[in-house]
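Numbering-wise (this note's numbering), the sequence shown opens with residue 20 and increments by one. Cβ atoms here follow ideal geometry from the backbone N, Cα and C, with glycine treated the same way. Worksheet: the structure to be examined is printed underneath.
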Amino acid sequence: MNDQSAEIRTVPITRDLLEPCWQLRLRALKDHPEAFGQPYDEAAALTPAEIQQTFDTFWTFEGNQVFVALTADGSVVGMTGVAGWNRARMRHRMDIWGVYVAPEYRGQGIADRLLDAAISHARGIEGVLQLHLQVVSSNLAALRSYERAGFARWGRMPRADIIDGQALDNDFMVLMLDATGDGMETNPEGTMS
């Protein structure tokens, strides 16, 4: 572990960070296929033009944003994204996706800082009332990180993914950004009631 947490900056992605961010994403998909919806082979096959299109039409499109954790020397060591919905009836919510910190930088609160940046971004968008995410039910470290950020579990999808014959359940989590959360409360098990 590299204990350089004080030197880590969390910034919105820019075009000059796209290539190192994409390389980190490929590493994440390859090393932890259970944690991401996009298969490594699919992402690795994208052309530079398709990667640029992903940046323009999803990563930084209409309120969507990717946040990057950078070391003092500018190395990309973590990232996450937050994306909204175009449908009028769904514009009140956004999704957190792709949370990843390189293993050698874990345990320093970098994921928490990335989540804080994504949450702050969502709070700044008019009309956004809640954030959603999905996480593999067995990923206890990620679940703890999301719970520290204020997310609560509200459901589970059995066999959300099947990778190499292994079925993986996903927990659904939500963070209510408005004061009341529309009456939803977290019970002692960390789920919504």
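Taking the alpha-carbon of residue i as reference, which of the options has the nearest alpha-carbon?
i    : options                   : result
R142 : W116, D197, Q72 and T33   : D197
M176 : F170, G169, Q153 and V120 : Q153
Ends of the alpha helix (DSSP H) at residue i?
i    : result
D135 : I129 to R142
Let me confirm a value: residue i is counted as buried when at least 16 other C-beta atoms fall within 10 Å, else exposed. Which label applies?
i    : result
V30  : exposed
L134 : buried
I138 : buried
R44  : buried
D190 : buried
On the DSSP bridge list, what partners appear for residue i?
i    : result
Q42  : According to DSSP, which records beta bridges pairwise, Q42 is partnered with nothing at all.
Y59  : According to DSSP, which records beta bridges pairwise, Y59 is partnered with nothing at all.
P31  : F86
G126 : BP columns for G126 are empty, so no partner.
N189 : V155 and M176
T13  : Residue 13 lies beyond the range of the chain shown here (20 to 212); nothing can be said about it.
Which residues in the same chain as residue i place their Cβ atom closer than 7 Å to its Cβ, once the five residues preceding and following it in sequence are excluded?
i   : result
K49 : Y59
W41 : I70
Beta-carbon within less than 6 Å of residue i's beta-carbon, same chain only, minus the 5 sequence neighbours each way: which residues are those?
i    : result
A186 : R178
8 Å is my cut-off, CB to CB: does residue i come that close to chain D?
i    : result
A179 : In the displayed structure, chain D is absent; only one protein chain is listed.
I'd like the span of the beta strand (DSSP E) that includes residue i, first residue to last.
i    : result
P237 : With the chain covering only 20 through 212, there is no way to say anything about residue 237.
Grab me the residues of residue i's own chain with a C-beta within less than 8 Å of its C-beta, minus the 5 sequence neighbours each way, in chain order.
i    : result
D188 : V155, S156, S157, R175, M176, P177, R178 and A179
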